[in-house]
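Visitor: For the sequence shown, this note's numbering gives the first residue as 123, with consecutive numbering after it. Where a beta carbon is used, it is the ideal one built from N, C-alpha and C, also for glycine. Sending over a structure as structure tokens; questions will come in a sec.
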Amino acid sequence: MKRLSQISSRNILIIFLTLTALFLAQMVWWIVFQVRNSNQTMTFFLETVESERQWAIELLDAHYAEIYDAASATAAETQGRLPEKRTYCDPAISGMAMQKASAISGLEDSLYFSFPSGGDNLLVFLEQDYPDDLISANEHLSYVAAPKGKLSRAEWVTPALVQIKDDVVRSIMTSRDRHIKMFVMEGSFFVLLIMMGAYAIYLALARTRRIREEQLLFVHSVTHELKIPLTSISLFLDTMRRRNYDTKLVAELAPKMKEDVVRLGDLIDNILLVRKLADKEAETKLEVIDLSFELKRFSSGIRERIESAGGKLSTGIEDGIKVKADFPELIKVWETLVDNSVKYRRESGMALTINLRRVDGEAEIQFQDNGPGIPSGMEKRIFEPFVRANHDPKKSVPGSGLGLFIAREYVRRSKGSISIRNAPAGGCLVAIRFKVAG
Numbered sequence: 123m124k125r126l127s128q129i130s131s132r133n134i135l136i137i138f139l140t141l142t143a144l145f146l147a148q149m150v151w152w153i154v155f156q157v158r159n160s161n162q163t164m165t166f167f168l169e170t171v172e173s174e175r176q177w178a179i180e181l182l183d184a185h186y187a188e189i190y191d192a193a194s195a196t197a198a199e200t201q202g203r204l205p206e207k208r209t210y211c212d213p214a215i216s217g218m219a220m221q222k223a224s225a226i227s228g229l230e231d232s233l234y235f236s237f238p239s240g241g242d243n244l245l246v247f248l249e250q251d252y253p254d255d256l257i258s259a260n261e262h263l264s265y266v267a268a269p270k271g272k273l274s275r276a277e278w279v280t281p282a283l284v285q286i287k288d289d290v291v292r293s294i295m296t297s298r299d300r301h302i303k304m305f306v307m308e309g310s311f312f313v314l315l316i317m318m319g320a321y322a323i324y325l326a327l328a329r330t331r332r333i334r335e336e337q338l339l340f341v342h343s344v345t346h347e348l349k350i351p352l353t354s355i356s357l358f359l360d361t362m363r364r365r366n367y368d369t370k371l372v373a374e375l376a377p378k379m380k381e382d383v384v385r386l387g388d389l390i391d392n393i394l395l396v397r398k399l400a401d402k403e404a405e406t407k408l409e410v411i412d413l414s415f416e417l418k419r420f421s422s423g424i425r426e427r428i429e430s431a432g433g434k435l436s437t438g439i440e441d442g443i444k445v446k447a448d449f450p451e452l453i454k455v456w457e458t459l460v461d462n463s464v465k466y467r468r469e470s471g472m473a474l475t476i477n478l479r480r481v482d483g484e485a486e487i488q489f490q491d492n493g494p495g496i497p498s499g500m501e502k503r504i505f506e507p508f509v510r511a512n513h514d515p516k517k518s519v520p521g522s523g524l525g526l527f528i529a530r531e532y533v534r535r536s537k538g539s540i541s542i543r544n545a546p547a548g549g550c551l552v553a554i555r556f557k558v559a560g
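Here's what the structure looks like:
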């Protein structure tokens, strides 16, 4: 079953990573496609405006070529006579005149064609504003001032005279840039969402796996904790049965059986308490307590236990500190910390220091031992249910991994905080803080 679960988790992770890669590839392709499409749209608009420009130039040149050919034919027909006005009724022509070839001068500000007609020249004057009037109908184009004087050829409107307006090009470029920016930002946003979602799913999978490992560890720990006292009780009962309830033997074994029963009861109570704390069902009663006095009394009560285990207890408790807390729960927190120090004590001997002092308007209680400490990075996880920092299958250490979780919940219910870290000189240092009352 365990093997199947590991394979399933790995397959889920592979599928998840594959889908994430596909989503990211799709988003990158979408961004590239939209950028390319924006560039193509810009090119299309620029080519369209350029086509309008070429069409306007060709239209004007075709018109002036028609005027040029008609005026040339008229000059040949009239042979020095000025043609009738009806023959040059065209908005592009401002007038005609006959002038001696030797007398053509002072026309530098005019725009005209000149054709020989008999001994004279037929001058066809062009309306200088006509190209501008025609081109102004197109909002994309502008007309540069026309040349002055005699025109040497019929198609005199060059690309230099008809330009695409700067603001049109600028508008097209700005629109392109705006769309690219929008697509890149939207694409990046969705890529970020996908990556955040992927990371969240990864964390969820990792957490699920960690929870499963912790649950397996809990089952192992609880099974171990249940099996030892049950085995002990079973052996005691078998021993008493085989010896026909010897009074002396019963008196010797009964206290040990009672101790095992209490141990079982405490374990079951802790498991039930975890559920109540998680569901916010447990009630709390806050009261002002003399923390200095109660901590001194607690220290005196555990001194014999510490010394009987080959340890040494030191205290540094500041007087006159009062806090508001649930006292019975606070006592259980202290007992849990002492139990952990005893369980994980070194073979060379145990040293426990309990301090109380004021720090920044708060009361800080410190429990410091000389044990193995906790692995780096577990300073927060150690307070989660079923987590044990120094669980070693080769070394039987009683416990279910619930004590520090319950301790943290008790401290929080009294509006306090609890933290754990490795002490500079070795061992664990647990700090509990409460606001000073009054």
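Relative to the alpha-carbon of Gly-92, which residue among Ile-136, Ala-547, Arg-480 has its alpha-carbon at the smallest distance?
Guide: The question about residue 92 has no answer, for the chain in this structure spans 123 to 560.
Visitor: Closest to Pro-497 by CA distance: which of Val-464, Gly-548, Lys-454, Val-460 is it?
Guide: Within the sequence shown, numbered from 1, the residue matching residue 497 stands at position 375. Closest option to Pro-497, Cα to Cα, is Gly-548.
Visitor: Which residue wins for smallest C-alpha separation from Glu-409, given the options Ser-430, Leu-551, Thr-330, Val-558?
Guide: Taking the first residue of the sequence shown as 1, we reach residue 409 at position 287. The shortest Cα separation from Glu-409 among Ser-430, Leu-551, Thr-330, Val-558 belongs to Val-558.
Visitor: What is the DSSP secondary structure of Pro-515, counted as helix, strand or coil?
Guide: Taking the first residue of the sequence shown as position 1, residue 515 is located at position 393. Note on Pro-515: pLDDT 49, under 50, position unreliable in the model; the coordinate value appears next. Coil, per DSSP.
Visitor: Would you check if the distance between the CB atom of Gly-309 and the CB atom of Trp-152 is smaller than 8 angstroms?
Guide: As a position in the sequence shown, residue 309 is number 187, starting the count at 1. As a position in the sequence shown, residue 152 is number 30, starting the count at 1. Yes, these two residues count as a Cβ contact at 8 angstroms.
Visitor: Put Lys-557 into one of helix, strand or coil per three-state DSSP.
Guide: As a first step, residue 557 must be located in the sequence shown, where it is residue number 435. Strand at Lys-557.
Visitor: Using three-state DSSP, classify Asn-260 as helix, strand or coil.
Guide: Taking the first residue of the sequence shown as 1, we reach residue 260 at position 138. Asn-260 falls in the coil class under three-state DSSP.
Visitor: Does the distance from the C-beta atom of Ala-187 to that of Glu-277 stay below 8 angstroms?
Guide: Counting from one through the sequence shown, the residue named residue 187 turns up at place 65. Counting from one through the sequence shown, the residue named residue 277 turns up at place 155. Yes, these two residues count as a Cβ contact at 8 angstroms.
Visitor: Of the choices Gly-202, Ile-136, Ile-316, Pro-507, whose alpha-carbon is the least far from that of Arg-334?
Guide: Position 212 of the sequence shown, counting from 1, holds the residue named residue 334. Here the closest residue by C-alpha is Pro-507.
Visitor: Buried or exposed for Ile-542, going by 16 or more other Cβ atoms inside 10 Å?
Guide: Here residue 542 refers to the residue found at position 420 when the sequence shown is read from its first residue. Counting Cβ neighbours within 10 Å, Ile-542 comes out buried, since at least 16 surround it.
Visitor: Report the three-state DSSP secondary structure of Thr-163 (helix, strand or coil).
Guide: Here the question's residue 163 lines up with position 41 in the sequence shown. Of the three classes helix, strand and coil, the one that applies to Thr-163 here is helix, per DSSP.
Visitor: Between the Cα of Gly-319 and the Cα atoms of Leu-146, Arg-397, Tyr-532, which residue gives the shortest distance?
Guide: Reading the sequence shown from its first residue, position 197 is the one you call residue 319. Gly-319 has its Cα closest to that of Leu-146, out of Leu-146, Arg-397, Tyr-532.
Visitor: Who does Ser-236 pair with in a DSSP beta bridge?
Guide: Counting from one through the sequence shown, the residue named residue 236 turns up at place 114. Answer is Leu-245, bridged to Ser-236.
Visitor: Beta-carbon within less than 8 angstroms of Ile-134's beta-carbon, same chain only, minus the 5 sequence neighbours each way: which residues are those?
Guide: Stepping through the sequence shown from its first residue, residue 134 is reached at position 12. Closer than 8 angstroms at the Cβ level, and outside the excluded window around Ile-134, lie Leu-327.
Visitor: When we look at the beta-carbon of Tyr-321 and count the other beta-carbons within 10 Å, is it buried (16 or more) or exposed?
Guide: As a working mapping, residue 321 is identified with position 199 in the sequence shown. It is exposed - the Cβ of Tyr-321 has fewer than 16 other Cβ atoms within 10 Å.
Visitor: Quick one: what does DSSP say Thr-196 is sitting in, helix, strand or coil?
Guide: In the sequence shown, counting from the first residue as 1, residue 196 sits at position 74. Correct three-state label for Thr-196: helix.
Visitor: Any chance the region 278 to 297 sits against the region 165 to 174, with 3 or more Cβ pairs inside 8 angstroms?
Guide: Touching, yes.
Visitor: Does the beta-carbon of Glu-335, which I'm using as the reference point, lie nearer than 7 angstroms to any heavy atom of the ligand GTP?
Guide: Here there are no bound small molecules, and the ligand GTP is not part of this structure.
Visitor: For Val-266, which option in Leu-273, Lys-272, Thr-280 has the closest C-alpha, if you only look at C-alpha atoms?
Guide: As a working mapping, residue 266 is identified with position 144 in the sequence shown. Per the Cα distances, Thr-280.
Visitor: Tell me which residues share the same chain as Ala-431 and place their Cβ nearer than 8 angstroms to its Cβ, disregarding the 5 neighbours each side in the sequence.
Guide: The count along the sequence shown starts at 1 and reaches residue 431 at position 309. The residues are Val-464, Arg-467, Met-472.
Visitor: I need the straight-line Cα distance from Tyr-532 to Glu-405, nearest angstrom please.
Guide: Translated into the one-based positions of the sequence shown, residue 532 becomes position 410. Translated into the one-based positions of the sequence shown, residue 405 becomes position 283. Distance between the alpha carbons of Tyr-532 and Glu-405 is about 10 angstroms.
Visitor: Please classify Ser-160: is it buried, with 16 or more other beta-carbons within 10 angstroms of its beta-carbon, or exposed?
Guide: What you label residue 160 is simply residue 38 of the sequence shown in a count that begins at 1. Ser-160 comes out buried.
Visitor: Name the DSSP beta bridge partners of Ile-540, please?
Guide: For the purposes of this step, residue 540 is identified with residue 418 of the sequence shown, where counting begins at 1. For Ile-540, which the question treats as bridged, DSSP gives the partners Ile-554.
Visitor: Would you please state the rounded distance, in angstroms, between the beta carbons of Asp-448 and Lys-407? I believe it to be under 8 angstroms.
Guide: Within the sequence shown, numbered from 1, the residue matching residue 448 stands at position 326. Within the sequence shown, numbered from 1, the residue matching residue 407 stands at position 285. Confirmed, about 6 angstroms.
Visitor: Quick one: residues in its chain with C-beta nearer than 7 angstroms to the C-beta of Gly-433, no 5 flanking neighbours on either side, listed in chain order?
Guide: Working through the sequence shown from its first residue, we reach residue 433 at position 311. Only Arg-467, Gly-471, Met-472, Ala-473, Leu-474 meet the Cβ criterion.
Visitor: Would you check if the region 379 to 399 and the region 417 to 428 touch, i.e. whether three or more CB-CB distances between them fall below 8 angstroms?
Guide: As far as the Cβ criterion goes, the region 417 to 428 does not touch the region 379 to 399, which means the pair count is below three.
Visitor: Using CA coordinates, which residue listed in Phe-505, Ile-179, Gln-490 is at the minimum distance from Thr-82?
Guide: The structure shown has nothing for residue 82, since the chain only spans 123 to 560.
Visitor: Taking Val-460 as part of the alpha helix (DSSP H), name the residues at either end of that continuous run.
Guide: As a working note, residue 460 is residue 338 in the sequence shown. Run containing Val-460: 449 to 465, per the alpha helix (DSSP H) assignment.
Visitor: According to the Cβ coordinates, are Leu-273 and Leu-245 closer than 8 angstroms?
Guide: Counted from its first residue, the sequence shown places residue 273 at position 151. Counted from its first residue, the sequence shown places residue 245 at position 123. For Leu-273 and Leu-245, no; Cβs fall outside 8 angstroms.
Visitor: Quick one, are the C-beta atoms of Arg-555 and Ser-536 less than 8 angstroms apart?
Guide: Translated into positions along the sequence shown, residue 555 becomes position 433. Translated into positions along the sequence shown, residue 536 becomes position 414. For Arg-555 and Ser-536, no; Cβs fall outside 8 angstroms.
Visitor: Leaving out five residues before and five after Thr-140 in sequence, what residues of the same chain have Cβ atoms less than 7 angstroms from its Cβ?
Guide: Residue 140 sits at position 18 when you count from the first residue of the sequence shown. Within the same chain, Thr-140 has no close Cβ partners at all.
Visitor: Does DSSP classify Arg-425 as helix, strand or coil?
Guide: What you label residue 425 is simply residue 303 of the sequence shown in a count that begins at 1. Helix at Arg-425.
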